[in-house]
Amino acid sequence: MIFGFDESFIMPATSDRVPCVYLRNGGVLNLSPDDPLEVNYQHKIGNLPTGKENPELLRMRYSHGHYMTIVNGISRIGLRG
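In terms of my numbering, the sequence shown is residues 3 to 83.
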């Protein structure tokens, strides 16, 4: 990825999608090989709670399509592993 600068805060499409990452020199800052980054919009990854399955964990009710991985009490579009 070449954006014309060395550091950036990147969101995949819109601010309601996960993950949000910091890039430095073309790579995700502090990404650990033991905790890889993965996004899938078709199916759930791993055992992380989702807003659709666990609405009791949400600070606010999800809207259409925003019912996947929970981040800080808010259900998001997309999933993270």
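A virtual CB, placed ideally from N, CA and C, is assigned to each residue, including glycine.
Q: Please report the residue range of the beta strand (DSSP E) in which residue 25 lies.
A: As a first step, residue 25 must be located in the sequence shown, where it is residue number 23. Taken as a continuous stretch (DSSP letters only), the beta strand (DSSP E) holding residue 25 covers 23-26.
Q: Please confirm if the stretch 46-53 is in contact with the stretch 67-82, defined as three or more CB-CB distances below 8 Å between the two stretches.
A: Short answer: they touch.
(Q) Judging by CA-CA distance, which residue of 63, 23, 28 is the nearest neighbour of residue 8? (A) Counted from its first residue, the sequence shown places residue 8 at position 6. Per the Cα distances, 28.
Q. Can you tell me the Cα-Cα spacing of residue 26 and residue 10, whole angstroms?
A. Within the sequence shown, residue 26 is the residue found at index 24, counting from 1. Within the sequence shown, residue 10 is the residue found at index 8, counting from 1. Whole-angstrom Cα-Cα distance: 7 Å.
Q.
My assumption, with CB atoms under 8 Å, is that residue 39 sits in contact with residue 31. Please give the rounded CB distance.
A. Taking the sequence shown and counting its residues from 1, the one referred to as residue 39 is at position 37. Taking the sequence shown and counting its residues from 1, the one referred to as residue 31 is at position 29. Not quite, the Cβ-Cβ distance comes to about 11 Å (not below 8 Å), so this is no contact.
Q: Would you kindly check if the distance between the Cβ of residue 77 and the Cβ of residue 66 is under 8 Å?
A: Position 64 of the sequence shown holds residue 66. Position 75 of the sequence shown holds residue 77. Their beta carbons are not under 8 Å apart, which means residue 66 does not touch residue 77 by this criterion.
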